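Worksheet: the structure to be examined is printed underneath.
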Amino acid sequence: MVGHVEWVQFAHVVHVPRAGDIVHAHDSFEEPAGGGAVAAVQLTRLAGAASLFTVLGHDAHGERALERLSELGVSVHAERVPSPTRRAVTLLDDAGERTITTLGLRLEPHADGEGSGWEELRDFDGIYFTAGDVSALRAARAASRVLVASPRAGDALEHGVHLDALVLSADDPIERTVGARSERDATLVAMTEGQMGGSYSSPAGAGRWAATPVAEVADAYGCGDSFAAGLTYGLAVGMDAAEALHLGARCGAACLAGRGPYEGQLHRAEL
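Read in order, the letters of the sequence shown correspond to residues -9 to 261 in the working numbering.
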């Protein structure tokens, strides 16, 4: 996993406040999250071990993120910088939807970052990439047999680096815009549609996959990155596109059924 981490305060509310509202949370908790953290934990649970290459601030939130991710089994290679670790506030409503406000700049890894352990980025079966500069993306490509990316990686994707898969949300206009410029470099393009499943295109053809049913929705935070981690794992172990997309759907559904990003994530024993 190459990507970003944010320290997130979660709060369950009846509904997202309208302008001028005061809404009281009936449950709150904090976790390191963001695409890099969520996917790294899901990959760890599927593969038994996974590494996260990221950037954290030299601050209390960076220390807490490093400690918690290590508790969750992730091998973290983090460059530490003077800038503060990005934070976020996520409201989880009674319908299970998440609404996110980020605080501060996103810290993105660079392949030449000092003290980040980039010399360990080699000989991986699969890497999922959510943030970093083009040097980080090229290093990830050289280090891995399978490379999957999110459009949130932004400008790094616009340099012709080949992707085995690009994963984006059909409901996110920013991801749709960036993804449209990057699709030509991807063998498989997977467009998620939440509980409607999603659609894909590849040289072998196009089609859809079905969502995995969920008995009870808890909250949607982390579902997309859990899906992408499942897809990455599936492709890395040699599944075909349909099998890997199905595994991704199972991972997204499992996350949807749990409190926060990690409670419900799929484990290797459940495969």
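Ideal Cβ positions, reconstructed from N, Cα and C, are used throughout, including at glycine. These numbers were taken from a predicted model, which means no experiment stands behind them.
N-terminal and C-terminal residue of the beta strand (DSSP E) that Gly188 is part of: Position 198 of the sequence shown, counting from 1, holds the residue named residue 188. Where Gly188 is concerned, the enclosing beta strand (DSSP E) starts and stops at 188 to 192.
Under the three-state reduction of DSSP, which class applies to Val138: helix, strand or coil? Here residue 138 corresponds to residue number 148 of the sequence shown, with the count starting at 1. If DSSP states are grouped into helix, strand and coil, Val138 belongs with the strands.
Less than 8 Å between the CB atoms is what I'm expecting for Leu62 and Thr34, so what's the real figure, rounded? By 1-based counting over the sequence shown, the position of residue 62 is 72. By 1-based counting over the sequence shown, the position of residue 34 is 44. Between Leu62 and Thr34 a beta carbon distance of about 7 Å is seen, short of the 8 Å cut, so the two are scored as contacting.
Straight-line gap, Thr222 to Asp154 (C-alpha atoms, nearest Å): Taking the first residue of the sequence shown as position 1, residue 222 is located at position 232. Taking the first residue of the sequence shown as position 1, residue 154 is located at position 164. Roughly 9 Å between the two C-alpha positions.
Of the residues Val124, Ala23, Ala132, Ala210, the one placed nearest Pro99, counting alpha carbons only: The residue given as residue 99 occupies position 109 in the sequence shown. For Pro99, the nearest C-alpha among the options comes from Val124.
Could you spell out where the alpha helix (DSSP H) holding Gly224 opens and where it closes? For the purposes of this step, residue 224 is taken as residue 234 along the sequence shown, with counting starting at 1. Residues 213 to 226.
Tell me whether the beta-carbon of Leu46 lies closer than 8 Å to the beta-carbon of Thr75. Numbered from 1 along the sequence shown, position 56 holds the residue referred to as residue 46. Numbered from 1 along the sequence shown, position 85 holds the residue referred to as residue 75. In this structure, Leu46 lies near Thr75, with their beta-carbon atoms less than 8 Å apart.
Please report the distance separating the alpha-carbon of His257 from that of Ala9. On the sequence shown, position 267 is the one that residue 257 refers to. On the sequence shown, position 19 is the one that residue 9 refers to. Distance between the alpha carbons of His257 and Ala9: 41 Å.
Quick one: what does DSSP say Val168 is sitting in, helix, strand or coil? Start at 1 with the first residue of the sequence shown, and residue 168 comes out as number 178. It is helical.
Inter-residue Cα distance where the pair is Gly25 and Pro141: In the sequence shown, counting from the first residue as 1, residue 25 sits at position 35. In the sequence shown, counting from the first residue as 1, residue 141 sits at position 151. Rounded to the nearest angstrom, the two C-alpha atoms are 11 Å apart.
Cβ shell of Leu137 (< 7 Å), same chain only, five flanking positions each side left out: The residue labelled residue 137 in the question sits at position 147 within the sequence shown. The residues are Ile117, Phe119, Ala130, Arg131, Leu153, Asp154.
Helix, strand or coil for Thr80 per DSSP? Taking the sequence shown and counting its residues from 1, one reaches residue 80 at position 90. The answer is strand: DSSP assigns Thr80 an E or B state.
Under a Cβ-count criterion, where at least 16 other Cβ atoms within 10 Å of its own Cβ denotes burial, should Phe19 be classed as buried or exposed? Here residue 19 corresponds to residue number 29 of the sequence shown, with the count starting at 1. Phe19 counts as exposed, since fewer than 16 other beta carbons sit within 10 angstroms of its beta carbon.
Please check the pair Ser192 and Thr177, which I expect to be a contact at CB under 8 Å, by giving their CB distance rounded to whole angstroms. In the sequence shown, counting from the first residue as 1, residue 192 sits at position 202. In the sequence shown, counting from the first residue as 1, residue 177 sits at position 187. That belief holds up - the Cβ atoms of Ser192 and Thr177 are roughly 6 Å apart, short of 8 Å.
Alpha-carbon spacing of Ala78 relative to Val6, whole angstroms: Position 88 of the sequence shown holds residue 78. Position 16 of the sequence shown holds residue 6. Rounded to the nearest angstrom, the two C-alpha atoms are 15 Å apart.
Can you tell me whether Gly195 is buried or exposed? The criterion is at least 16 other CB atoms within 10 Å of its CB, across all chains shown. Here residue 195 is taken as the residue at index 205 of the sequence shown, counted from 1. Looking at its Cβ environment, which holds fewer than 16 other Cβ atoms inside 10 Å, Gly195 is exposed.
Proximity below 8 Å, CB of Ala226 to CB of Asp113: One-based indexing of the sequence shown puts residue 226 at position 236. One-based indexing of the sequence shown puts residue 113 at position 123. No, Cβ-Cβ distance for Ala226 and Asp113 is not below 8 Å.
Would you decide whether Ser159 is buried or exposed? Buried here means 16 or more other CB atoms lie within 10 Å of its CB. Walking along the sequence shown from the start, residue 159 turns up at place 169. With 16 or more other Cβ atoms within 10 Å, it is buried.
Tell me the rounded alpha-carbon separation between Leu95 and Glu148. In the sequence shown, counting from the first residue as 1, residue 95 sits at position 105. In the sequence shown, counting from the first residue as 1, residue 148 sits at position 158. Computed Cα separation, rounded: 21 Å.
When DSSP labels each residue in this structure, what does Gln(-1) get in the three-state scheme? The residue you call residue -1 lines up with position 9 of the sequence shown. In the three-state reduction of the DSSP assignment, Gln(-1) falls in the strand class.
Measuring CB to CB, does Asp215 end up less than 8 Å from Ala29? Here residue 215 corresponds to residue number 225 of the sequence shown, with the count starting at 1. Here residue 29 corresponds to residue number 39 of the sequence shown, with the count starting at 1. Yes, Cβ-Cβ distance for Asp215 and Ala29 is below 8 Å.
Could you please give the first and the last residue of the uninterrupted beta strand (DSSP E) stretch that includes Val157? Indexing the sequence shown from 1 puts residue 157 at position 167. It spans 153 to 159 - the beta strand (DSSP E) in which Val157 sits, taken as one unbroken run.
Whose C-alpha, out of Val64, Gln185, Leu156, Ser65, is nearest the C-alpha of Glu283? In the structure as shown, the chain starts at -9 and stops at 261, and residue 283 therefore has no counterpart that could be examined.
With a CB to CB cut of under 6 Å and the five nearest residues on each side skipped, what residues in its chain are close to Arg54? Position 64 of the sequence shown, counting from 1, holds the residue named residue 54. Cβ neighbours of Arg54 beyond the five flanking positions: none.
Residues near Gly38 in its chain [Cβ-Cβ closer than 7 Å; skip 5 each side]: Translated into positions along the sequence shown, residue 38 becomes position 48. Arg258, listed in sequence order.
Starting from Trp108, follow its DSSP beta bridges and name the residues at the other end. Taking the first residue of the sequence shown as 1, we reach residue 108 at position 118. Trp108 has no beta-bridge partner at all, per DSSP.
Using C-beta distances below 8 Å, list every residue in its chain close to Arg171, excluding the 5 sequence neighbours before and after it, in chain order. On the sequence shown, residue 171 is found 181 positions in, with the first residue counted as 1. Closer than 8 Å at Cβ, skipping near neighbours: Leu147, Glu148.
Helix, strand or coil at Pro22 according to DSSP, with G and I counted as helix: Against the sequence shown, residue 22 aligns to sequence position 32. When secondary structure is reduced to three states using DSSP, Pro22 falls in the strand class.
Distance, Cα to Cα, Arg249 vs Gly228? Numbered from its first residue, the sequence shown carries residue 249 at position 259. Numbered from its first residue, the sequence shown carries residue 228 at position 238. Arg249 and Gly228: Cα-Cα distance of roughly 31 Å.
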